[in-house]
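Counting the sequence shown from 1 gives a position; our numbering is that position plus 14.
C-beta: ideal position from N, C-alpha, C; glycine also.
Written out below as structure tokens is the structure these notes cover.
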Amino acid sequence: MKKILLSALFLTAAWSLSAQNHLRLQLAPRLGTAAFQLDAPISAGNYTYTITRLEYYMSGISITHDGGQVTPLSDIHLLVRPVLDSLYDLGAQPGINQVEGITFYIGVDQAYNHLDPSNYPPEHPLAPQDPAMHWGWSAGYRFLAIEGQAGSNLANMYQIHALGDANYKSITLSTQTEATLDGHTIHLIADYAKVLTNIDVSGGLIEHSTSGPVVTLIKNMNLVFSAQTSGTIDPAFKGSLTLSPNPAPAGQTVVTMDLPAGADYRLTVTDLLGRVVQTQQLSAGRQHFAITNDLQTGTYFVQLWQDGRPVCTEKLIVAP
Numbered sequence: 015m016k017k018i019l020l021s022a023l024f025l026t027a028a029w030s031l032s033a034q035n036h037l038r039l040q041l042a043p044r045l046g047t048a049a050f051q052l053d054a055p056i057s058a059g060n061y062t063y064t065i066t067r068l069e070y071y072m073s074g075i076s077i078t079h080d081g082g083q084v085t086p087l088s089d090i091h092l093l094v095r096p097v098l099d100s101l102y103d104l105g106a107q108p109g110i111n112q113v114e115g116i117t118f119y120i121g122v123d124q125a126y127n128h129l130d131p132s133n134y135p136p137e138h139p140l141a142p143q144d145p146a147m148h149w150g151w152s153a154g155y156r157f158l159a160i161e162g163q164a165g166s167n168l169a170n171m172y173q174i175h176a177l178g179d180a181n182y183k184s185i186t187l188s189t190q191t192e193a194t195l196d197g198h199t200i201h202l203i204a205d206y207a208k209v210l211t212n213i214d215v216s217g218g219l220i221e222h223s224t225s226g227p228v229v230t231l232i233k234n235m236n237l238v239f240s241a242q243t244s245g246t247i248d249p250a251f252k253g254s255l256t257l258s259p260n261p262a263p264a265g266q267t268v269v270t271m272d273l274p275a276g277a278d279y280r281l282t283v284t285d286l287l288g289r290v291v292q293t294q295q296l297s298a299g300r301q302h303f304a305i306t307n308d309l310q311t312g313t314y315f316v317q318l319w320q321d322g323r324p325v326c327t328e329k330l331i332v333a334p
């Protein structure tokens, strides 16, 4: 009986340890400072475009943690659809405690890129999709598919579908995690207004290939992602931002700021899905701003923007 009890206690402890190291990835989809949405007008300088479809694969994920250790997360493929998904399960990772960075690839690794999609269960990201994400036996999967309208009166259609093993490129970010009840969550910002940087779609463009604009498109994904962390994120920023109290009861907290002269400032409050729930234009100088919106219990990010650039972010916990 004693052995059975000890075995049960051991299994319970092992399960608890595993549960406490469950790892998730949260992508906050944005268009600049606004939440991402399909068909929203996006300025490219001298013309406007929209995104009517955006889908891409992430794979080859590895986590840097606990003093520089690197742990690959094998057999994980994520199909990212910003309008549908924001939170992705990376599984139980009992050996990962303090996350320091994440590396991932855009696309499908070569070992899987040319396999038969029909071999996967319907819920698997590599199974047949609608609209299709698999191009064919030779080319494999669409690593990234973006479509939309552009130009005068948004009358010109563009489609860029990135294919080919040679375009399987990595992205590495330094990041930390938010502790949750059963593990940790990595929070990343994904600004999809940057995905067409240096690609002119104003006159319409149809490109389903492995070269040309496709190469630029994949490289641009390095511009899209940034880590959502607390504290000063622009070393050139000489001001300050603090929250008190934090955690805050029912969203009742005060932001105290010291903002240098000669710039335009804006404060935004976003939820974990990247949705802006409060925004306020600010002037230079020392000031206080009360966040009094009826925020639900949870985690928010208070971000200060200087001349259109994020310079400081603080995590706000709204208590029950």
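Unbroken alpha helix (DSSP H) run spanning residue i, endpoints
i    : result
Y126 : Q124 to N127
Residue i (DSSP reduced to helix, strand or coil)
i    : result
V229 : helix
N111 : coil
M72  : strand
M171 : strand
M235 : helix
S258 : strand
K252 : coil
A207 : helix
P131 : helix
D278 : coil
D272 : strand
D214 : coil
D103 : strand
A42  : strand
L19  : Any reading at L19 needs caution, since the residue's pLDDT is 35, under 50, leaving its predicted position unreliable; the model's value is listed next. Helix at L19.
A146 : coil
L31  : The predicted position of L31 is uncertain, since its pLDDT is 40 and thus under 50; no value can be drawn from it.
A153 : coil
A264 : coil
A49  : strand
A180 : helix
T224 : coil
L296 : strand
Residue interval of the beta strand (DSSP E) (run including residue i)
i    : result
I90  : Per DSSP, I90 belongs to no beta strand (DSSP E) and is neither H nor E.
G162 : L158 to A164
T327 : R323 to A333
H138 : Run containing H138: none; DSSP gives neither H nor E here.
I65  : No beta strand (DSSP E) holds I65; DSSP gives it neither H nor E.
Y314 : G312 to Q320
S184 : K183 to S188
F303 : G299 to I305
Alpha carbon of residue i to alpha carbon of residue j, nearest angstrom
i    : j    : result
I110 : L39  : 14 Å
H222 : D179 : 14 Å
L210 : A176 : 13 Å
L153 : P274 : Note that residue 153 corresponds to Ala in the displayed sequence, not to Leu. Roughly 53 Å separates the two Cα atoms.
K233 : G162 : 20 Å
L140 : I174 : 20 Å
W151 : Y134 : 15 Å
V238 : A262 : 31 Å
G312 : G276 : 35 Å
D285 : T230 : 31 Å
H91  : T270 : 42 Å
S216 : Y61  : 6 Å
R95  : E69  : 5 Å
L330 : A125 : 42 Å
S100 : R280 : 25 Å
E328 : W149 : 43 Å
P145 : R67  : 10 Å
D89  : A207 : 30 Å
I77  : A204 : 18 Å
A49  : I65  : 13 Å
P55  : L168 : 9 Å
Residue burial classification, residue i (beta-carbon count within 10 angstroms, cutoff 16)
i    : result
S297 : exposed
H302 : exposed
R156 : buried
Q242 : buried
V113 : buried
P324 : buried
I220 : exposed
H138 : exposed
S30  : The predicted position of S30 is uncertain, since its pLDDT is 40 and thus under 50; a value taken from the coordinates is nonetheless stated next. Classification for S30: exposed.
G299 : exposed
T306 : exposed
From the options, residue whose alpha carbon lies closest to that of residue i
i    : options                   : result
G165 : G218, P43, R156 and N307  : G218
H201 : E69, L45 and F315         : F315
T224 : Y182, V291 and T189       : Y182
N127 : Y102, M72, L309 and I331  : M72
A304 : D321, V283, Q310 and Q320 : V283
G81  : S240, P334, D321 and Q190 : Q190
S258 : L101, R44 and A333        : A333
I185 : F118, P136, L87 and A250  : F118
G322 : G105, G46 and H36         : G46
H198 : G105, N307, V268 and T306 : G105
V84  : G115, S240, D130 and L187 : G115
P343 : I160, I213, F251 and D103 : Examination of residue 343 is not possible in this model, given that the chain is present from 15 through 334 alone.
Residue-chain proximity (residue i, chain D), Cβ-Cβ < 8 Å
i    : result
I116 : Protein chain content of the structure displayed is limited to a single chain, and chain D is not contained in it.
heavy atom of the ligand NAD below 7 Å from residue i C-beta
i    : result
T293 : For the ligand NAD, the structure offers nothing, since it holds no ligand at all.
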